[in-house]
Amino acid sequence: MASEDTFKKLIAHAKEYGFVFQSSEIYDGLSAVYDYGQYGAELKNNIKEYWWNAMVRLNENIVGIDSAIFMHPEIWKASGHVGAFNDPLIDNKDSKKRYRADVLIEDYLQKIESKINKEITKARKRFGDSFDEPQYRETNQRVIGYQTKINETKTRFVKALEQDDLKEIKQIIIDAEIACPVTGSRNWTEVRQFNLMFSTQLGSVSEDANTIYLRPETAQGIFVNYLNVQKSGRMKLPFGIAQIGKAFRNEIVARQFIFRMREFEQMEMQFFIRPGDEMQWFEHWKTARMKWHKALGFSEEKYRYHDHDKLAHYANAATDIEFEFPFGFKEVEGIHSRTDFDLSQHQDFSGKKIQYFDSELNKSYVPYVVETSIGLDRMFLLILSNAYEEETITKEDGTKDQRVVLRIPPALAPVKIAVLPLVKKDGLPEKAREIINTLKYNYNCQYEEKDSIGRRYRRQDAIGTPLCITVDHQSLKDNTVTLRYRDSMKQDRIKISELNEIIFNLVNMKTLLEKL
Ligand code: GAP
3 MASEDTFKKL
13 IAHAKEYGFV
23 FQSSEIYDGL
33 SAVYDYGQYG
43 AELKNNIKEY
53 WWNAMVRLNE
63 NIVGIDSAIF
73 MHPEIWKASG
83 HVGAFNDPLI
93 DNKDSKKRYR
103 ADVLIEDYLQ
113 KIESKINKEI
123 TKARKRFGDS
133 FDEPQYRETN
143 QRVIGYQTKI
153 NETKTRFVKA
163 LEQDDLKEIK
173 QIIIDAEIAC
183 PVTGSRNWTE
193 VRQFNLMFST
203 QLGSVSEDAN
213 TIYLRPETAQ
223 GIFVNYLNVQ
233 KSGRMKLPFG
243 IAQIGKAFRN
253 EIVARQFIFR
263 MREFEQMEMQ
273 FFIRPGDEMQ
283 WFEHWKTARM
293 KWHKALGFSE
303 EKYRYHDHDK
313 LAHYANAATD
323 IEFEFPFGFK
333 EVEGIHSRTD
343 FDLSQHQDFS
353 GKKIQYFDSE
363 LNKSYVPYVV
373 ETSIGLDRMF
383 LLILSNAYEE
393 ETITKEDGTK
403 DQRVVLRIPP
413 ALAPVKIAVL
423 PLVKKDGLPE
433 KAREIINTLK
443 YNYNCQYEEK
453 DSIGRRYRRQ
463 DAIGTPLCIT
473 VDHQSLKDNT
483 VTLRYRDSMK
493 QDRIKISELN
503 EIIFNLVNMK
513 TLLEKL
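Going left to right, the sequence shown walks through residues 3 to 518 as my numbering numbers them.
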């Protein structure tokens, strides 16, 4: 999937087939908030299971928790979110549209990058096999010009972000002649900081009520439970605490469907370690997390690491795992070495000693932390955008047909098996239900009897069901069925007694976890 058009089709498909709906749609929707439909909820649960099992089940020293969304307001002061969890905003005075100033600059840089890529694609066509890309980048004047512009702007931008220099960020926008994407106007306001946390009141009487925040990350729920888990679980360093849960951010630029939402879910793991071991564990988790992604079998070229130029206030190393979405390479997961920042801050703010006694070193210290943090909704979008394919197929009679197929990794597919009686009579529905009754305890199955078998196959392809079992008159005689595979559309005649093993080998979560 490359084009914007196909992305639009994907969004329409997600709605039409019950994966993702706009929140509050009958009231004209709520911006950047989405609901998951019947297949979306299943896919989401399967992604969570894959992550949870990879983290908690496969690692003896990682345990999982589920902390509350509401937390003591001091937590967000300690974590730095009250003071520093801001986005730089800029308004266009003519269009009255509001933008994230950093995103305007990043989009500008990306546009120049695409110009370079266009030049390179043209040159590659022209020179064929003899094309030497590094040499071309070094010698072509137009490419050099673009690259210089990127480097100069990037250097200024990183420095401005590091120094929180909002005037300079505006100046970069002016110098780069960045215009409002809607109207083309360059009439900008000053850049201001805007805190991304949602707040609400806890307590029944407004004068007594405390302002509390909806958590903008799940990580703090882990940090404040570090002592509880370490003590109750008698955990020894290094060990990890994992959690899946909702997070909330008042995103200003909320776009690209479920890529950037105001209410979303995170799957985070904090790995507590000895100070000084952080680079070794940072590398470990970088590799382990990439392996988790690649086990899904999507094209390897679609993944890359992106090391941060500007580190967050708590980190001494950070990288993103980026994936090539239909709208370009974007972050799906972050791996951060967070030092002892969070635990030390909570120690200071709460007045409670948060330390670990290391019996090997015979001393106590505040552990360091390496964090892995992935957005569940982004992972969902990654899978959907990779799985979506419009395929031209040749039918048995030689004519061409089209199908939309979601090639979701079978272990994550919302429905694993559809059981389809060829006709709605002659005892075939009963036989189909008999089969479902043996499979439904292990797999999400669907029974479908309406429409022709071809149409039913197409519907299952469109929701990504890896296997269809068709029950026909022969099934009643010899206990065999037709097993049809989503990806190859191959059909095999097999014994009902063989179904369990074939299904297990294709769709069980073990098929993914074994690759890790
Ligand atoms: N605890 C660290 C942390 O929250 P982050 O880079 O801000 O780091 C981690 O977020 C991940 O959460 C991102 O890589 C992304 O997948 C997801 N995420 C962040 N903001 C999001 C949003 N507004 N909508 C959807 N997913 C988001």
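All C-beta atoms in this analysis are idealised placements derived from N, C-alpha and C, irrespective of residue type, glycine included. Predicted model only: the values in this text are computed from it and were never measured.
Assuming residue i and residue j are in contact, meaning their beta carbons sit under 8 Å apart, how far apart are those beta carbons, in whole angstroms?
i, j, result
"A249", "F266", "6 Å"
"V160", "K332", "Going by Cβ atoms, the distance from V160 to K332 rounds to 19 Å, so no, they are not a contact pair."
"R405", "D463", "5 Å"
"G242", "N446", "In fact, because the Cβ distance is near 30 Å, the residues do not count as touching under 8 Å."
"V417", "Q272", "About 34 Å separates the two Cβ atoms, so there is no contact after all."
Would you check whether the ligand GAP has a heavy atom nearer than 7 Å to the C-beta of residue i?
i, result
"G377", "yes"
"F266", "yes"
"V407", "no"
"G336", "yes"
"R306", "no"
"A221", "yes"
"M263", "yes"
"E270", "yes"
"E44", "no"
"R251", "yes"
"R380", "yes"
"E373", "yes"
"E324", "no"
"E333", "yes"
Can you tell me whether DSSP reads residue i as helix, strand or coil?
i, result
"H338", "strand"
"H315", "coil"
"A34", "coil"
"K517", "coil"
"I214", "strand"
"P431", "helix"
"K248", "strand"
"Y443", "coil"
"D177", "helix"
"V371", "strand"
"K304", "helix"
"F327", "strand"
"I1", "What is shown of the chain runs 3 to 518, which leaves residue 1 out entirely."
"F200", "coil"
"F266", "strand"
"K288", "helix"
"Q607", "With the chain represented from 3 up to 518, any question about residue 607 goes unanswered, as that position is not in the structure."
"S366", "strand"
"A221", "helix"
"V160", "helix"
Could you compute how far the alpha carbon of residue i sits from the alpha carbon of residue j?
i, j, result
"V425", "N502", "24 Å"
"D279", "Q149", "37 Å"
"I455", "S499", "23 Å"
"G42", "P411", "14 Å"
"N510", "R457", "27 Å"
"E450", "I260", "30 Å"
"G85", "F200", "14 Å"
"E140", "E51", "47 Å"
"D68", "V226", "12 Å"
"E170", "F87", "20 Å"
"L414", "A103", "37 Å"
"A178", "L408", "41 Å"
"S132", "I146", "20 Å"
"E326", "K304", "5 Å"
"D37", "D30", "14 Å"
"G299", "I505", "19 Å"
"K10", "A34", "16 Å"
"A527", "I28", "Outside the displayed range of the chain (3 to 518) lies residue 527, so it cannot be described from this structure."
"K512", "E121", "45 Å"
"V184", "K98", "10 Å"
"L168", "E192", "8 Å"
"L2", "R59", "Because the chain is modelled from 3 through 518, residue 2 falls outside the range shown and cannot be assessed."
"D360", "L239", "8 Å"
"R257", "S477", "50 Å"
"N197", "Y316", "17 Å"
"G205", "I214", "10 Å"
Ignoring anything shorter than 4 residues, give me the alpha helix (DSSP H) runs that lie fully in the stretch 77-138, in order along the chain. 83-86, 103-129
Continuous alpha helix (DSSP H) assignments of at least 4 residues falling wholly in the stretch 440-515: 455-465, 475-480, 501-509, 512-515
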